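S.K.: As numbered in this note's numbering, residues 32 to 615 make up the sequence shown, in order.
Even for Gly, the Cβ is constructed at its ideal location relative to N, Cα and C.
Please read these numbers as outputs of a predicted model, since none were measured by experiment.
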Amino acid sequence: MQIKLLLASLSAFAISGCGGSSSESNEPAAPISAEQTYTLKVMPSDSVAGLELSWMNNTATLVAGNELDFTAKGTSFVQPVVSNIPDTMNCDSTLSNTTSLDYTLSIECAAAAVTFELTTPYLYPIIIRYAQSELIVDKRTVSTDASMAGEVEIMQLGGPQICDVEKLSNVKYEIACHPYITVSENEKVYLHFGGQDKQLLFDNPNKERLLASENMWFEEKVWFITQSDASGFRLQSVSFDNGQLGDRVVYDITPSSIARSGDTLFALSSSPIGLYRWKSGAWQMVSNLLEEISLQSGFVTNNSNLYLAAEDNDDPASKSYIQIINGQVRGEKAISNQISQFSHAPLFDYDDVTFSIGFGRDDQLIINVMDSLSSARDDAIFSFVNVKNATIWQNKNNQFLFTNNDSGVEQFEFSRNDVQSTIAFDINPLTQLLPDWIGGDLDTLLAGDFVDTESAEHGVLKYLRHGDSEFFEAQLQTRLNTTYPIRVYNETWREVSRFANSNTTKITPIVSEQGFILVYVGATASPQSQGQLWALSAGHALLIKEQVLWGQYLSKNYHFEAISQSHLVVFSKEGNEAFTVAID
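1) Nearest to S342 by CA position, among V360, L321, N336, V281, is which residue?
2) Here's the rule I'm using: 16 or more other beta-carbon atoms within 10 Å means buried, otherwise exposed. How should Q563 be labelled?
3) Distance, Cα to Cα, N417 vs D480?
4) Answer yes if the stretch 567-586 comes into contact with the stretch 607-615, meaning at least three C-beta pairs across the two stretches below 8 Å, and no otherwise.
5) Per DSSP, M87 forms a beta bridge with which residues?
6) Does the stretch 233-241 come within contact of the stretch 260-270, defined as at least 3 CB pairs closer than 8 Å?
7) Consult DSSP for E544 and reduce its assignment to one of helix, strand or coil.
8) Sorted by chain position, which residues of the same chain lie with C-beta nearer than 6 Å to L337's C-beta, five sequence neighbours on each side aside?
9) Please go through the same chain and pick out, in chain order, the residues whose beta-carbon is closer than 8 Å to the beta-carbon of N201, but skip the five residues on each side of it.
10) State the Cα-Cα distance for the pair L126 and V168, rounded to the nearest angstrom.
11) Which first and last residues belong to the alpha helix (DSSP H) in which T509 is found?
12) What does the Cβ neighbour count give for D472, buried or exposed, with the cut at 16 atoms within 10 Å?
13) If you drop the 5 nearest sequence neighbours on each side, which residues of the same chain put their C-beta closer than 6 Å to that of V360?
14) With a floor of 4 residues, list each alpha helix (DSSP H) that falls wholly inside the stretch 230-312, ordered by position along the chain.
15) Taking the beta strand (DSSP E) that N121 falls in, what are its first and last residues?
16) With distance defined between alpha-carbon atoms, name the residue in N89, T106, S78, T102 nearest to E66.
17) When you compare only the Cα positions, how much space is there between S367 and Q163?
18) Taking Cβ to Cβ, would you say Q192 is nearer than 9 Å to Y161?
19) Examine the Cβ distances between the stretch 68-76 and the stretch 90-102 and report whether three or more of them are shorter than 8 Å.
20) How many Å lie between S414 and N334 at the Cα?
21) Select from E323, G606, S287, G358 the residue whose C-alpha is nearest the C-alpha of K310.
22) Could you tell me if K350 is buried or exposed, where buried requires 16 or more neighbouring beta carbons within 10 angstroms of its beta carbon?
23) Please state whether the Cβ-Cβ distance between I398 and S387 is less than 9 Å.
24) Find out if the Cβ-Cβ distance for the pair S374, G389 is shorter than 9 Å.
25) Tell me, please, which residues DSSP counts as bridged to R408.
26) Should P286 be labelled buried (16 or more other beta-carbon atoms within 10 Å of its own) or exposed?
27) As a quick exercise: from L476, L465, N521, pick the residue whose alpha carbon is nearest that of E488.
28) Does DSSP put Q67 in a helix, in a strand, or in coil?
29) Counting only the same chain and skipping the five closest in sequence on each side, list residues whose C-beta sits under 8 Å from that of T539.
30) Only counting the same chain, and skipping five residues up and downstream in sequence, which positions put a Cβ closer than 7 Å to that of F233?
31) Leaving out five residues before and five after D380 in sequence, what residues of the same chain have Cβ atoms less than 6 Å from its Cβ?
32) Assuming the contact rule is C-beta atoms closer than 8 Å, G546 and H497 should be a hit. Round their C-beta distance to whole Å, please.
Right, here's the structure in full:
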């Protein structure tokens, strides 16, 4: 509610008494105010209705567009008072006079703005319904016309978060949102918020293990897969109602993996074998896709594209990839018959040419040009020997393959029409490290050495790159405030049986998850030696736990349970506990 009163052209006047001689000692008599008759014309605009007017013993309820005339007697003019203005309106009043006794009051009203203020950090765009309008809350404050007052309802959360709306007045609301990650802990499954706050999702007496990498937000639901000896794989989802936790559904398919491509969610089941897609509120099998082939991998992802490695049932030497591009299943695409074994790497696009990676019969690394005609694809290859490991890295809408051999790290290049392909960056400093391994994920490039111990082999991190940001060992140690080597798992991921027929070969020994890698810094003289556990990325160094036993770290006791935009969760198998850390 707002009212402004403007005064215009008010004439001042005074009543003076009779004057006497300056030598007289009598004090002047006080002036006597005479009662006079005042008039007030009230002119409400067409937007004014229901307001109350009070003026010099006159009261009235204003009607839009109806002028009112009042008279009143008094010794002086008293300003009119306009009340009962709803807080969904703003009103301006202008008071003017033509004489010292005759006044006019003009009143203009317009709908006020209703504001919705986000009081927590923005992560996902929220869609709310107010009256008959839908608003996207994607910044700190959003406003709309208050003329159509109504209830506020959260229609879409935009991502894994729970939101509350608090009404402070008819024109001001506050929205608080709390992101979460689905976590399995102590035979229960929780929505885990920042810090140690959590909300029970369901009891888990069958000790179903939550497959952390299968947590996904899609169509205003969080989807996840659980696995147990009793029930095998189970696909479940949880919906939300007005920003709060809603119903949980268990589906009648048993996929071991789900993945999103474009605007479509896919599920891969091993028993029975089937590829499903979520369509019109139900799971539908992609027909005739797996009748003549056997799958040799789970979903292999490259951004929004998915790939499935497959062999012909009658001719296992005939290999192909099922392509799912931007939600569309494009069927099989054969690869060179010189590739005898798939790699775990996805197809990648380098300078607008699509390549696949596999291994030849003599263990050489083979890079196959997939844009060539099927008849020419057998020979459209590049072959490399003595490759120890390799990884794909992307930057600025291009993807690059790096290989590692005894001579150091090399970037795969080719020429086309005498034009050399794009160079990712100057790799000479990286090559001079002569690393034992390279790894990471699509957005993060890692490199380092291997260390053999009596119990296991592990890696030491010596290089990290994301975009144009590059860090070497000493810089990374400074960020962790340590002089110890930064130790990482060999094969960081957990060994999860994703698909029954999988015999995929992994060529990247150490991987990061969404740019993060779980590292240990500290003493390593014995399994009882202690150090610190960190989650490290190009932009963050997050301390997870102090006094971590070296033996427990080396035995892969710790792993990333889930990572979101706002925080990450590390789970300890030994302690059966989750550590939640906010990502600033």
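M.R.: For this structure:
1) A small correction: the amino acid at residue 342 is Glu; Ser does not occupy that position in the sequence shown. Comparing Cα positions, the closest option is L321.
2) buried
3) 17 Å
4) yes
5) M87 pairs with nothing; no bridge assigned.
6) yes
7) strand
8) A290, S292, F330, I355
9) P117, D118, T119, V145, A177, A180
10) 40 Å
11) 504-510
12) buried
13) V317
14) none
15) 120-128
16) T106
17) 58 Å
18) no
19) yes
20) 26 Å
21) G358
22) buried
23) yes
24) yes
25) DSSP lists no partner for R408.
26) buried
27) N521
28) strand
29) H375, A376, N420, A421, T422, I469, G470, G471
30) V220, R279
31) Q430
32) 6 Å
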